[in-house]
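Step one of this worksheet: look at the structure below.
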Amino acid sequence: MGKQEIPGFVLNLRFIVCFVLSVVLLFADLRLKALSDVRYYIESALYPVMVFADSPRSLSNAVSTQFKSRAQLIAENEQLASEIFEQRADLLRLHSLEQENAAMRKLLNSPLHETSRRMFAEVVAVDSDPYLQRVVVNRGASSNVYHSMPVITDEGLVGQVIQVDYSFSRVLLLSDPSSSVPVVNVRNQIRALAEGNGTHDELDIANVARSADFQEGDLLVTSGLGGVYPEGYPVAVVTSVGLAENQSFAEVKAKPLVDFAKMRYVLMYWYDTKGSRGDEIQPKQPTDGKVILREERIKRLIDSMSASQQNKRNTAAAQDKAAAGAGQGD
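If you're matching positions, the sequence shown starts at 1 in full-length UniProt numbering and goes up one per residue.
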């Protein structure tokens with residue numbers, strides 16, 4: 001038997017009935033809320049089916065979001081790590097700048113005359129010769145630096161300029177064997193000479209009589225004699241006093257107040273024999289300090305020989321006097 005076909009009239013009638021029923025149900029639901037409970041139970045029953053049907057799309061979105069979030073977190077982490085690294089580098093630089101600023105403030109507060117001219121300079125090189133105690137600073141004739149110009153820090157005296165070029169100068173440190181600075185003991189005003197011996201942390205104090213009152217811990221400052229260094233600037237502290245036999249002078253050692261090995265910034269000080277600001281001192285040509293240093297050595301040698309001869313004469317006179325006294329007694 002073949003399949004029985006449904007007449008077209010019946011189909012049309014079914015369509016009309018379903019359409020009318022749908023309209024009635026919609027009207028009843030919208031106006032009368034009659035099917036709200038029925039719809040609630042039907043939706044509750046079909047919810048698992050809806051979730052299952054939507055699960056492929058939700059899973060795809062979740063996986064995509066997870067990978068996107070991971071990549072974004074990695075990128076953000078790398079960016080934050082880079083920023084932290086840069087900030088740490090900036091912090092180190094800031095710390096260095098703070099230290100430099102503090103050092104410069106200390107230099108500006110150095111106990112110099114308020115009217116004196118002074119100028120910052122940076123140590124840019126150290127002489128490679130182990131027997132020489134000299135440094136190079138980044139100031140020269142273009143900055144009106146002159147020969148024998150005093151160089152100081154906030155801690156004490158550094159030395160003097162011995163060579164001037166256009167853009168830099170060479171400074172003779174107190175510890176150099178050719179350096180000699182007139183000093184005075186603050187405690188009792190006894191004068192002496194602070195001479196370098198080639199070591200950074202020790203000076204020889206010359207011309208100290210055996211009877212002179214020098215003690216460990218005495219502060220030595222510049223006396224102002226010679227017109228090179230300003231008066232009253234700290235130089236060294238006495239560390240030892242020795243009294244060797246058959247010697248006219250005491251063996252006194254002192255420690256410089258400036259740590260030359262760690263020195264980075266200095267102040268260059270305009271000073272003349274009259275104690276003025278030195279505005280008139282403006283050298284035009286670079287100078288070389290070798291000849292003057294040689295003359296200073298010769299002068300010191302002559303002074304030492306004169307002192308030795310004077311001591312011999314005094315000793316001979318004392319012996320003659322003692323002999324004469326003994327003869328009269330006989």
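Yeah, the Cβ is synthetic: ideal placement off N, Cα and C, and Gly gets one too. Note that the structure is a prediction, hence the values are computed from the model and not measured.
8 angstroms CB neighbourhood of VAL183 in its chain, flanking five on each side removed
For the purposes of this step, residue 183 is taken as the residue at position 183 of the sequence shown. ARG191, ALA192, LEU193, ALA194, ILE205, LEU220, VAL221, THR222, SER223, VAL235 and ALA236.
Neighbour-count burial assignment, PRO230, 16 or more Cβ in a 10 Å radius
Along the sequence shown, read from residue 1 onward, the residue named residue 230 stands at position 230. It is buried - the Cβ of PRO230 has at least 16 other Cβ atoms within 10 Å.
So PHE168 and VAL136 are in contact, right, with Cβ under 8 angstroms, and what is the actual spacing, rounded?
As a first step, residue 168 is located in the sequence shown; it is residue number 168 there, counting from the start. As a first step, residue 136 is located in the sequence shown; it is residue number 136 there, counting from the start. Right, the Cβ-Cβ distance comes to about 6 angstroms (below 8 angstroms), so this counts as a contact.
Three-state secondary structure assigned by DSSP to LEU13
For the purposes of this step, residue 13 is identified with residue 13 of the sequence shown, where counting begins at 1. Looking at LEU13 - three-state DSSP - the assignment turns out to be helix.
Consult DSSP for ARG57 and reduce its assignment to one of helix, strand or coil.
By one-based count along the sequence shown, residue 57 stands at place 57. In this structure, ARG57 counts as helix in the three-state DSSP scheme.
Could you check whether PHE260 and VAL241 sit closer than 8 angstroms to each other, using their CB atoms as the reference points?
Taking the first residue of the sequence shown as 1, we reach residue 241 at position 241. Taking the first residue of the sequence shown as 1, we reach residue 260 at position 260. Not in contact: VAL241 and PHE260 (Cβ atoms no closer than 8 angstroms).
Does DSSP put SER175 in a helix, a strand or coil?
The sequence position of residue 175 within the sequence shown is 175, counting from 1. Coil at SER175, not helix or strand.
Please state whether the Cβ-Cβ distance between ALA121 and MET268 is less than 8 angstroms.
Working through the sequence shown from its first residue, we reach residue 121 at position 121. Working through the sequence shown from its first residue, we reach residue 268 at position 268. In contact: ALA121 and MET268 (Cβ atoms closer than 8 angstroms).
Could you check whether GLY198 and TYR131 sit closer than 8 angstroms to each other, using their CB atoms as the reference points?
Here the question's residue 131 lines up with position 131 in the sequence shown. Here the question's residue 198 lines up with position 198 in the sequence shown. With a cutoff of 8 angstroms on beta-carbon distance, TYR131 and GLY198 are scored as near each other.
Per DSSP, what kind of secondary structure is residue 331 in: helix, strand or coil?
Nothing about residue 331 can be reported from this structure: the residues present for the chain run from 1 to 330 only.
Where does GLU155 sit, in a helix, a strand or coil, going by DSSP?
Taking the first residue of the sequence shown as position 1, residue 155 is located at position 155. Correct three-state label for GLU155: coil.
Reduced DSSP category for SER44 - H, G, I as helix; E, B as strand; rest coil
Counting from 1 along the sequence shown, the entry for residue 44 is found at position 44. Correct three-state label for SER44: helix.
Can you tell me whether LEU203 is buried or exposed, with buried defined as 16 or more other CB within 10 angstroms of its CB?
Counted from its first residue, the sequence shown places residue 203 at position 203. With 16 or more Cβ atoms within 10 Å of its Cβ, LEU203 is classed as buried.
Report, in whole angstroms, the separation of the C-beta atoms of ARG233 and ILE152, which I expect to be a contact under 8 angstroms.
By one-based count along the sequence shown, residue 233 stands at place 233. By one-based count along the sequence shown, residue 152 stands at place 152. It is worth fixing the name first, because residue 233 is Tyr in this sequence and not Arg. The pair is a contact, with the Cβ atoms about 6 angstroms apart (cut-off 8 angstroms).
Which first and last residues belong to the beta strand (DSSP E) in which MET119 is found?
If you number the sequence shown from 1, residue 119 lands on position 119. Unbroken beta strand (DSSP E) run through MET119: 118 to 126.
If I follow the unbroken beta strand (DSSP E) through ARG134, where does it start and stop?
Here residue 134 corresponds to residue number 134 of the sequence shown, with the count starting at 1. Here the beta strand (DSSP E) through ARG134 covers 134 to 137.
Where LYS284 falls, given that 16 or more other Cβ within 10 Å makes a residue buried
What you label residue 284 is simply residue 284 of the sequence shown in a count that begins at 1. Residue placement at LYS284 is poorly supported in this model, since its pLDDT is 38, which falls under 50; the coordinates still yield a value, given next. Around the CB of LYS284, fewer than 16 other CB atoms lie within 10 Å, so the residue is classed as exposed.
What number of angstroms, rounded off, separates the C-alpha of ALA75 from the C-alpha of ALA81?
Reading the sequence shown from its first residue, position 75 is the one you call residue 75. Reading the sequence shown from its first residue, position 81 is the one you call residue 81. Note on geometry: alpha-carbon atoms of ALA75 and ALA81 lie some 10 angstroms from one another.
Any idea if MET149 is buried or exposed, counting beta-carbon neighbours within 10 angstroms, 16 or more meaning buried?
For the purposes of this step, residue 149 is taken as residue 149 along the sequence shown, with counting starting at 1. It is buried - the Cβ of MET149 has at least 16 other Cβ atoms within 10 Å.
Check whether ARG134 and LEU173 have beta carbons under 8 angstroms apart:
Within the sequence shown, residue 134 is the residue found at index 134, counting from 1. Within the sequence shown, residue 173 is the residue found at index 173, counting from 1. Yes, these two residues count as a Cβ contact at 8 angstroms.
Rounded to the nearest angstrom, what separates ASN77 and PRO48 at their Cα positions?
The count along the sequence shown starts at 1 and reaches residue 77 at position 77. The count along the sequence shown starts at 1 and reaches residue 48 at position 48. For ASN77 and PRO48, the distance between alpha carbons rounds to 40 angstroms.
Let me confirm a value: SER179 is counted as buried when at least 16 other C-beta atoms fall within 10 Å, else exposed. Which label applies?
Within the sequence shown, residue 179 is the residue found at index 179, counting from 1. So SER179 ends up on the buried side.
Secondary structure of ARG191, DSSP reduced to three states:
Counting from 1 along the sequence shown, the entry for residue 191 is found at position 191. Looking at ARG191 - three-state DSSP - the assignment turns out to be strand.
Are there 16 or more other CB atoms within 10 angstroms of the CB of GLN189, so buried, or fewer, so exposed?
Taking the sequence shown and counting its residues from 1, the one referred to as residue 189 is at position 189. When all chains shown are included, GLN189 counts as exposed.
Starting from MET268, trace the beta strand (DSSP E) in both directions and tell me its first and last residue.
Start at 1 with the first residue of the sequence shown, and residue 268 comes out as number 268. Residues 265 to 269.
Give the straight-line distance between the Cα atoms of ALA212 and MET119, rounded to the nearest whole angstrom.
Along the sequence shown, read from residue 1 onward, the residue named residue 212 stands at position 212. Along the sequence shown, read from residue 1 onward, the residue named residue 119 stands at position 119. Answer to the nearest angstrom: the Cα atoms are 38 angstroms apart.
Inter-residue spacing [alpha-carbon to alpha-carbon] between THR115 and GLU155
In the sequence shown, the residue the question calls residue 115 occupies position 115. In the sequence shown, the residue the question calls residue 155 occupies position 155. Confidence is the limiting factor: at THR115 the pLDDT is only 46, short of 50, which leaves the residue's position unreliable and the question unanswerable from this model.
Would you give the residue range spanned by the beta strand (DSSP E) that GLY227 belongs to?
As a first step, residue 227 must be located in the sequence shown, where it is residue number 227. Annotation for GLY227: no beta strand (DSSP E) segment contains it, and DSSP assigns it neither H nor E.
Secondary structure at GLN215, three-state DSSP: helix, strand or coil?
Against the sequence shown, residue 215 aligns to sequence position 215. Reduced to three states, the DSSP call for GLN215 is coil.
ASN101 to ALA125, Cα distance in whole Å?
Taking the first residue of the sequence shown as position 1, residue 101 is located at position 101. Taking the first residue of the sequence shown as position 1, residue 125 is located at position 125. Each residue's Cα considered, the two are about 21 angstroms apart.
If I measure Cβ to Cβ from SER142 and keep anything under 7 angstroms in the same chain, skipping five residues before and after, which residues do I get?
Within the sequence shown, residue 142 is the residue found at index 142, counting from 1. Within the same chain, Cβ atoms closer than 7 angstroms to the Cβ of SER142 are found at TYR166 and SER167, the five residues on either side in sequence being excluded.
Take the Cβ of ASN12 as the centre, count every other Cβ of all protein chains shown within 10 Å, and call the residue buried at 16 or more, exposed below.
Counting from 1 along the sequence shown, the entry for residue 12 is found at position 12. Note on ASN12: under 16 other CB atoms within 10 angstroms of its CB, so exposed under the neighbour-count rule.
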